[in-house]
């Protein structure tokens, strides 16, 4: 059953004109860093052309207003099915889902890919707070304004932590959870929050560096040729070229980050815990621990994958999400 469909209207001539004058060339949105032109991965290039900004109201600290928030919106809305909402890993963007997103659409799932506040490609020139509470509130306001139905919330690595934190606070907004190689037992940013700002900024500059990012990529993937790894590294650090990125990262770092271990036992939503066969970053033992502490969870392993199976083995991830959404796994 396809469900009740709402198709997005095709662009009018005026819309097409606006798309041309606001694009960076080759159909890329003008707000993306110019380095997008150097990306070779066809899946990343295609998905980047679909990134939009939508206004999300936010009132946190001294910030009052709307954040033009980057995301990928579904082409099809299924009003009798729960939408799938994709988060991303630590310091990443919606482009992380470049190989999985189109397959989820082919599986007839209404799919959103959201840039978590402080990462991705939003307009944060007037920087709001970027601590965990602000990230949570921003996601809720986006959900309340645009999605409006309980969602299947998907989070990989730190994105799983974001998902747990959100679900514990706003259980009514979530139908089911998918946690992939979940980093849910980290204890925030630790002593980094005590660093003087000058040292914090120096550390953030190092975090942005190509050699460090390339090393992280080598650890994250099970096996990929060097040329592909270099391109994927450039995709993973593309959002670091946003003019506000360093300020947002320092703000998150000194805020203390996430600490959600105590929230896990409070969640009774149906949860799919996914771990990779060859994850070198998060131990599979933590996925088993998560399975045991969640009230209503099942565990599945993805073969031939490292820390980011939604990049390395997207067909397997889509099958798991699709089966979980339809109830076949539960």
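In the numbering used here, the protein residues as written are 849 to 1178. Every residue, glycine too, gets a C-beta built ideally from N, C-alpha and C. From a predicted model like this one, the values you see are computed outputs, not experimental measurements.
{"Query": "Taking a contact to mean a Cβ-Cβ separation below 8 Å, would you say residue 915 touches residue 965 in this structure?", "Result": "yes"}
{"Query": "Can you tell me whether residue 936 is buried or exposed? The criterion is at least 16 other CB atoms within 10 Å of its CB, across all chains shown.", "Result": "buried"}
{"Query": "Among all the DSSP beta bridges, which residues are the ones paired with residue 1003?", "Result": "1027"}
{"Query": "Suppose the cutoff is 8 Å on Cβ atoms and the five residues either side in sequence are ignored; what does the same chain contact list for residue 947 look like?", "Result": "891, 1158, 1159 and 1162"}
{"Query": "Whole angstroms are fine: how far does the CA of residue 956 sit from the CA of residue 1109?", "Result": "34 Å"}
{"Query": "Taking all protein chains shown into account, decide if residue 912 is buried (16 or more other Cβ within 10 angstroms of its Cβ) or exposed.", "Result": "exposed"}
{"Query": "Hey, is residue 1165's beta-carbon within less than 8 Å of any beta-carbon in chain D?", "Result": "Of the chains in the structure shown, none is chain D; there is only one protein chain."}
{"Query": "Could you spell out the range, first to last residue, of the alpha helix (DSSP H) harbouring residue 896?", "Result": "890–896"}
{"Query": "Of the choices 1146, 1024 and 1154, whose alpha-carbon is the least far from that of residue 1128?", "Result": "1154"}
{"Query": "Start and end of the alpha helix (DSSP H) containing residue 1075?", "Result": "1074–1084"}
{"Query": "Which residues in the same chain as residue 1087 place their Cβ atom closer than 7 Å to its Cβ, once the five residues preceding and following it in sequence are excluded?", "Result": "941, 967, 968, 969 and 1093"}
{"Query": "Within this structure, are the beta carbons of residue 1139 and residue 1097 separated by less than 8 Å?", "Result": "no"}
{"Query": "Hey, quick one: how far does the beta strand (DSSP E) through residue 903 stretch, first residue to last?", "Result": "900–908"}
{"Query": "Under a Cβ-count criterion, where at least 16 other Cβ atoms within 10 Å of its own Cβ denotes burial, should residue 1035 be classed as buried or exposed?", "Result": "exposed"}
{"Query": "CA-CA distance, residue 974 and residue 1083?", "Result": "25 Å"}
{"Query": "Note the first and the last residue of the continuous beta strand (DSSP E) segment covering residue 925.", "Result": "924–926"}
{"Query": "Measure the alpha-carbon distance for residue 875 versus residue 885 and round it to whole angstroms.", "Result": "10 Å"}
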